[in-house]
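Undergrad: Before we start, here is the structure in question, set down as structure tokens.
Chains as they are written, first to last, in the numbering used here: chain A, 1 to 198; chain B, 1001 to 1198.
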């Protein structure tokens, strides 16, 4: 099969790490292209769930390019906070990651130890075209709990506070390799590949 | 556990068969209630995918009742027709099932045998509350092909034309028991139960 025979798949992300990751695992069957190459632009994420936001982003990329598109959405969910920070994980406090972590600690201050359970979730969707009624949907969850104080300088988001099940270290203390092996995003990508192989 | 300790789960459907089915498989952990009991009403299905329409219906039921809600959406997908009848399966022709079947045959008249592949799909979602960012999402697909002429009087929808893989009979010639055992909806419900058990 020549390069040109592979259909194009637009990655609806500006994150170079994500684009390389998807290129590595999907390049054998798609010409994986970042959306920036095709001037797709951004779209307002008006969904109420991670999967709806991922679908909005993928559909926008399909509509602008006429190609298949892949998009993801992810965040931290604290069940005892009714799912917050949830979809607003990146803009929870209106400030930076440090401010978001501080607000989360404040909002959890009165919770019992049992209620400090949390999980990171990543949803990845693949739409064949803008009107595709049956996208592939893959989800990964990384379960753990929210510690009483931040630790570590790696990762991003709530990693200084997040302690995954089976770990002593906070996520921000893990190597990038370790995190990429076990995280919600890794699980979601694995699940997507299983569905593509099925 | 007394009956009252089980949280309520609203089934966002008017179909008595579906309600009984979900009651049978989910009744041990939820008080399963049809939405008609709670005057939830209907909501416009404005989604572009089955999963988005199911989420719209479930969220509406959650918002009206303050309870968890389950909703499904399903239809027939013909990849060679870009996914049609898809979300418009029930209203493809603007007429009844017979008119829908006739229109599908007409639209497939020029397709090669290889392009007559089709699948039924059912998506079931469970939202804990109206703002739940991480619904459970289960999907079942029933693969087969579209025959050249209708046969059988059972089932509904495109069953007279749909021949599932591994069957000689058209779906409309199968017993209700057989169809309920192997269909897209059966697979979706099984997958939902696996997720609830995980």
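Even for Gly, the Cβ is constructed at its ideal location relative to N, Cα and C.
Fair warning: this is a prediction, and the values are worked out from it, not measured in the lab.
Taking the continuous alpha helix (DSSP H) assigned at residue 159 (chain A), which residues delimit it?
TA: Position 159 of the first chain, counted from the start, is the residue given in the question as residue 159 (chain A). Element bounds for residue 159 (chain A): n/a, residue is neither H nor E.
Undergrad: Quick one: list the residues of chain B neighbouring residue 55 (chain A), beta-carbon separation under 7 Å, in chain order.
TA: Within the first chain, numbered from 1, the residue matching residue 55 (chain A) stands at position 55. Ordered by position in chain B, the residues that pass the 7 Å Cβ test against residue 55 (chain A) are 1049 and 1052.
Undergrad: State the beta-bridge partners of residue 1068 (chain B) as determined by DSSP.
TA: Start at 1 with the first residue of the second chain, and residue 1068 (chain B) comes out as number 68. Bridge partners of residue 1068 (chain B): B:1009.
Undergrad: For residue 79 (chain A), collect the residues of the same chain with a Cβ closer than 7 Å to its Cβ; drop the 5 residues on either side in sequence, then sort them by chain order.
TA: Within the first chain, numbered from 1, the residue matching residue 79 (chain A) stands at position 79. These residues qualify, in order along the chain: 117.
Undergrad: Which of helix, strand or coil does DSSP assign to residue 1151 (chain B)?
TA: Residue mapping note: residue 1151 (chain B) aligns to position 151 of the second chain, counting from 1. If DSSP states are grouped into helix, strand and coil, residue 1151 (chain B) belongs with coil.
Undergrad: Determine the closest residue to residue 1130 (chain B) out of B:1040, B:1066 and B:1048, with distance taken between C-alpha atoms.
TA: For the purposes of this step, residue 1130 (chain B) is taken as the residue at position 130 of the second chain. For residue 1130 (chain B), the nearest C-alpha among the options comes from B:1066.
Undergrad: Along the chain, where does the alpha helix (DSSP H) that runs through residue 195 (chain A) open and close?
TA: Residue 195 (chain A) sits at position 195 when you count from the first residue of the first chain. Residue 195 (chain A) -> alpha helix (DSSP H) spans 184-197.
Undergrad: CB residue 1154 (chain B) to CB residue 1172 (chain B), shorter than 8 Å?
TA: What you label residue 1154 (chain B) is simply residue 154 of the second chain in a count that begins at 1. What you label residue 1172 (chain B) is simply residue 172 of the second chain in a count that begins at 1. Going by C-beta atoms, residue 1154 (chain B) is nearer than 8 Å to residue 1172 (chain B).
Undergrad: Report all residues from its chain with a CB closer than 6 Å to the CB of residue 1061 (chain B); omit the five preceding and five following residues, and keep chain order.
TA: Taking the first residue of the second chain as position 1, residue 1061 (chain B) is located at position 61. If we look at residue 1061 (chain B) and ignore the five residues flanking it on each side, its Cβ neighbours are 1010, 1012, 1035, 1040 and 1069.
Undergrad: For residue 1075 (chain B), does the count of other Cβ atoms within 10 angstroms reach 16, so buried, or fall short, so exposed?
TA: For the purposes of this step, residue 1075 (chain B) is taken as residue 75 along the second chain, with counting starting at 1. By the 10 Å Cβ count, residue 1075 (chain B) comes out buried.
Undergrad: With a threshold of 8 Å between beta-carbons, can residue 1087 (chain B) be considered close to chain A, or not?
TA: Reading the second chain from its first residue, position 87 is the one you call residue 1087 (chain B). Chain A contact via Cβ: present.
Undergrad: With residue 1121 (chain B) and residue 1098 (chain B) assumed to form a contact (beta carbons below 8 Å), what rounded beta-carbon distance in angstroms separates them?
TA: Taking the second chain and counting its residues from 1, one reaches residue 1121 (chain B) at position 121. Taking the second chain and counting its residues from 1, one reaches residue 1098 (chain B) at position 98. No, residue 1121 (chain B) and residue 1098 (chain B) are not in contact; Cβ-Cβ is about 22 Å, not under 8 Å.
Undergrad: Would you please state the rounded distance, in angstroms, between the beta carbons of residue 1103 (chain B) and residue 1089 (chain B)? I believe it to be under 8 Å.
TA: Within the second chain, residue 1103 (chain B) is the residue found at index 103, counting from 1. Within the second chain, residue 1089 (chain B) is the residue found at index 89, counting from 1. Not a contact, Cβ separation roughly 11 Å.
Undergrad: Would a check of beta-carbon distances place residue 131 (chain A) closer than 8 Å to chain B?
TA: The sequence position of residue 131 (chain A) within the first chain is 131, counting from 1. Yes - at least one Cβ of chain B is within 8 Å of the one on residue 131 (chain A).
Undergrad: Which value, in whole angstroms, describes the spacing of the CA atoms of residue 1049 (chain B) and residue 132 (chain A)?
TA: Locating residue 1049 (chain B) in the second chain gives position 49, counting from the first residue. Locating residue 132 (chain A) in the first chain gives position 132, counting from the first residue. C-alpha separation (whole angstroms): 7 Å.
Undergrad: Can you give the Cα-Cα distance for residue 189 (chain A) and residue 124 (chain A), rounded to whole angstroms?
TA: One-based indexing of the first chain puts residue 189 (chain A) at position 189. One-based indexing of the first chain puts residue 124 (chain A) at position 124. Whole-angstrom Cα-Cα distance: 7 Å.
Undergrad: If residue 29 (chain A) and residue 6 (chain A) are in contact, beta carbons under 8 Å, what's the gap, nearest whole angstrom?
TA: Walking along the first chain from the start, residue 29 (chain A) turns up at place 29. Walking along the first chain from the start, residue 6 (chain A) turns up at place 6. That pair is a contact at about 6 Å.
Undergrad: Would you mind stating whether residue 1119 (chain B) and residue 1077 (chain B) have Cβ atoms separated by less than 8 Å?
TA: To locate residue 1119 (chain B), count along the second chain from 1; it is residue 119. To locate residue 1077 (chain B), count along the second chain from 1; it is residue 77. Cβ atoms of residue 1119 (chain B) and residue 1077 (chain B): closer than 8 Å.
Undergrad: Taking Cβ positions only, does residue 1010 (chain B) come closer than 8 Å to chain A?
TA: Working through the second chain from its first residue, we reach residue 1010 (chain B) at position 10. Answer no: the Cβ-Cβ gap between residue 1010 (chain B) and chain A never drops below 8 Å.
Undergrad: I want to see whether chain A comes within less than 8 Å of residue 1135 (chain B), judged by CB atoms only; does it?
TA: Start at 1 with the first residue of the second chain, and residue 1135 (chain B) comes out as number 135. For residue 1135 (chain B), the answer is yes, since a Cβ of chain A falls inside 8 Å of its Cβ.
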